[in-house]
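The working numbering puts the first residue of the sequence shown at 256, with every later residue one more than the last. Report on one structure; see the data block that follows.
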Amino acid sequence: MTPLKLYNSLTRRKEVFEPLDASHVRLYACGPTVYNYAHIGNARMAVVFDLWARVLRHIYPNVTYASNITDIDDKIITAHRETGVPMPEITEKFTRIYNEDMATLGVLPPDRQPRATQHIPEMIAQIDRLIAAGHAYVAEGHVLFDVPSDPTYGMLSGRSRDEQIAGARVDVAPYKKDPADFVLWKPSSGDEPGWDSPWGFGRPGWHIECSAMSEKHLGLPFDIHGGGADLKFPHHENEIAQAVCAHGHAHDPAQFSKYWVHNGFVTVDGEKMSKSLGNFLLVHDLIQKYPGEALRLTLLSAHYRQPLDWSDRIVEQNVKLLDKMYAKMKGYNGSAGDIPAEVMDALCDDLNTPMVIAALNALIKKDDLPGLKAAGDILGILQHSNWGDVGQDVSDLDVMAIENLVAARTQAKKEKDFAKADALRAELIGMGIVVEDTAQGPIWKRA
Numbered sequence: 256m257t258p259l260k261l262y263n264s265l266t267r268r269k270e271v272f273e274p275l276d277a278s279h280v281r282l283y284a285c286g287p288t289v290y291n292y293a294h295i296g297n298a299r300m301a302v303v304f305d306l307w308a309r310v311l312r313h314i315y316p317n318v319t320y321a322s323n324i325t326d327i328d329d330k331i332i333t334a335h336r337e338t339g340v341p342m343p344e345i346t347e348k349f350t351r352i353y354n355e356d357m358a359t360l361g362v363l364p365p366d367r368q369p370r371a372t373q374h375i376p377e378m379i380a381q382i383d384r385l386i387a388a389g390h391a392y393v394a395e396g397h398v399l400f401d402v403p404s405d406p407t408y409g410m411l412s413g414r415s416r417d418e419q420i421a422g423a424r425v426d427v428a429p430y431k432k433d434p435a436d437f438v439l440w441k442p443s444s445g446d447e448p449g450w451d452s453p454w455g456f457g458r459p460g461w462h463i464e465c466s467a468m469s470e471k472h473l474g475l476p477f478d479i480h481g482g483g484a485d486l487k488f489p490h491h492e493n494e495i496a497q498a499v500c501a502h503g504h505a506h507d508p509a510q511f512s513k514y515w516v517h518n519g520f521v522t523v524d525g526e527k528m529s530k531s532l533g534n535f536l537l538v539h540d541l542i543q544k545y546p547g548e549a550l551r552l553t554l555l556s557a558h559y560r561q562p563l564d565w566s567d568r569i570v571e572q573n574v575k576l577l578d579k580m581y582a583k584m585k586g587y588n589g590s591a592g593d594i595p596a597e598v599m600d601a602l603c604d605d606l607n608t609p610m611v612i613a614a615l616n617a618l619i620k621k622d623d624l625p626g627l628k629a630a631g632d633i634l635g636i637l638q639h640s641n642w643g644d645v646g647q648d649v650s651d652l653d654v655m656a657i658e659n660l661v662a663a664r665t666q667a668k669k670e671k672d673f674a675k676a677d678a679l680r681a682e683l684i685g686m687g688i689v690v691e692d693t694a695q696g697p698i699w700k701r702a
């Protein structure tokens, strides 16, 4: 079998995956902060790491995948103050909605979904160890990590000293020994949530949460840690510093996680998602418009490390591909075969999903239905018994004939035989099909 390869953000190269323990592979991905609905960028992380977990489970006998819920955060406090809704009610509501929406996208529940509020003792214990080891200090009710005490700080992100200071999440405060130092514990007052600690009533900083939860549920070191590329600095950089320094491994970041994996950003029609631009796409809204499998396939259509430019056209293309696959599978009651080699080889090459999609089209042409079903199972698609209920109903269409006519029209346009192209378009219209020419290629749909 082709060896599994992944791009390790820590070493900045593609490597053959060698688990710390082949009998038990352990994977952690940073989950959502539950104060509002998840956007499509959040969903890309969930879908990508769900696929990583599926691939690992196909290869190894035992895989534990943990992905957390952040239910302590200033954004949650702000949502409470703006709405008057109690914080536990906010976090419970949006945790439930997040899990429901991700399930619609075919995301399987992680084996562990720890919540920050359930791991305060572990965070306090880790902070205590950092203070005792000289890597943290108490100042004005806060506990801060002493960044200069970690000789490898910045290794993951590759940021210079000046960039570290400029990119720090919290403004420079007078009680910091160094501008790059970050908060491990901070005081709480008024309506802010808090817990008793050796340093007073307060709450944890954001970064310590994942360090404590991943250690609790996976042990150290574990195999793969990941999340969105936006978390690389400061969140993941700070997680490494906390975890390794708390255990006397300040010179070896791999003593926290051996491999680091990050998915790229999602843009919308070439623009960064922004509420001010009106292009902030929520999964909860998109699943009202498109089948969840179409959104999932769209999120996998570009290589996970590359940016993904989201548009209705791209989603519609993936709806059409699913239409073709479901039409081909219609009436097939056989079991899945082995995952086709071309699919598994592509997945083992750092999740090369564009190559997987090319392989799916080849399987359609070869009428390899057991292979198509097996590919669908590992990808998390082709899981509906009646696609017509969730996607475009194509059960009464000759999908392959339509595809052939569309392809012939495209070729005629390339050859500048516009009369033939117009005739083919008219033939399609006669079948009740309209064709839209896009930068990504023609898209057909019912008139």
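Ideal Cβ positions, reconstructed from N, Cα and C, are used throughout, including at glycine. Quick caveat, the model's predicted, so the values are computed rather than measured.
- Leu577 and Lys544 have their C-alpha atoms some 16 Å from each other.
- Ala334 sits away from Leu282, with the two beta carbons spaced by 9 Å or more.
- Comparing alpha-carbon positions, the option among Asp540, Val402 and His491 lying closest to Lys432 turns out to be Val402.
- Secondary structure note for His558: it is in no alpha helix (DSSP H), with a DSSP letter that is neither H nor E.
- When beta bridges are read from the DSSP output, Ala284 appears opposite Ser322 and Gly481.
- Between Asn518 and Val303 the beta-carbon gap is near 5 Å, inside 8 Å, which marks them as a contact.
- In terms of Cβ geometry, Leu261 and Val611 do not form a close pair [threshold 9 Å].
- In this structure, the straight-line span from the alpha carbon of Asn291 to that of Met342 is close to 12 Å.
- As a beta-bridge residue in DSSP terms, Ala391 pairs with Phe400.
- Distance from the CA atom of Gly449 to the CA atom of Phe456, rounded to whole angstroms, is 6 Å.
- DSSP places Arg268 inside the beta strand (DSSP E), whose first and last residues are Arg268 to Val271.
- Put simply, of Val362, Gly525, Asp677 and Thr522 the residue whose alpha carbon is nearest the alpha carbon of Ala549 is Val362.
- In the DSSP secondary-structure assignment, Asn518 is bridged to Gly483.
- In the three-state scheme derived from DSSP, where H, G and I count as helix and E and B as strand, Gly631 is classed as helix.
- About 39 Å separates the beta carbons of Ala676 and Asp632, which is beyond the 8 Å limit, so they are not a contact pair.
- Fully enclosed beta strand (DSSP E) runs of no fewer than 3 residues occupy 318-322 of the segment 296-365, in order along the chain.
- Taken atom to atom, the span from the alpha-carbon of Gly339 to that of Thr372 is near 20 Å.
- For Leu261, the enclosing beta strand (DSSP E) stretches over residues Lys260 to Asn263.
- Residue nearest to Arg560 within the set Ile314, Ala681 and Asn263 is Asn263 (criterion: CA-CA distance).
- A contact between stretches requires three or more CB pairs, one per stretch, nearer than 8 Å, and the segment 267-277 fails this requirement with the segment 493-506.
- Apart from the 5 residues on each side of it in sequence, Leu683 sits with its Cβ closer than 8 Å to the Cβ of Ile657, Leu660, Val661, Arg664, Val689, Val690 and Trp699 in its chain, given in chain order.
- Note that the C-beta distance between Leu306 and Tyr514 is not below 9 Å.
- Rounded to the nearest whole angstrom, the C-alpha separation of Lys530 and Gly481 is 26 Å.
- For Val570, no beta strand (DSSP E) run applies; the uninterrupted alpha helix (DSSP H) run containing it begins and ends at Asp567 to Met584, by DSSP.
- Measuring C-alpha to C-alpha distances from Pro364 to each of Pro376, Ile375 and Thr350 identifies Thr350 as the nearest.
- For Ser469, the secondary structure class from DSSP, reduced to helix, strand or coil, is helix.
- Excluding sequence positions up to five before and after Leu618, its CB lies within less than 6 Å of the CB of Gly626 and Leu627, all in the same chain and listed in chain order.
- For the pair Thr319 and Ile479, the Cα-to-Cα distance works out to about 11 Å.
- Nearest C-alpha to Thr407 among Gln497, Tyr581 and Ala614: Gln497.
- According to the DSSP assignment, Gly685 belongs to no beta strand (DSSP E) but to the alpha helix (DSSP H) extending over Phe673 to Gly685.
- Taking each of Lys441, Ile420, Ala387 and Leu552 in turn and checking the Cα distance to Leu399, the smallest one comes out for Lys441.
- In the three-state reduction of the DSSP assignment, Glu494 falls in the helix class.
- Spanning the alpha carbons of Ser566 and Leu552 requires a straight line of approximately 13 Å.
- Taking all protein chains shown into account, Lys527 has fewer than 16 neighbouring C-beta atoms within 10 Å of its C-beta and is therefore exposed.
- The Cβ-Cβ distance between Met468 and His374 falls below 9 Å.
- Closest by C-alpha distance to Pro376, out of Gln666, Asp276, Leu275 and Ser452, is Ser452.
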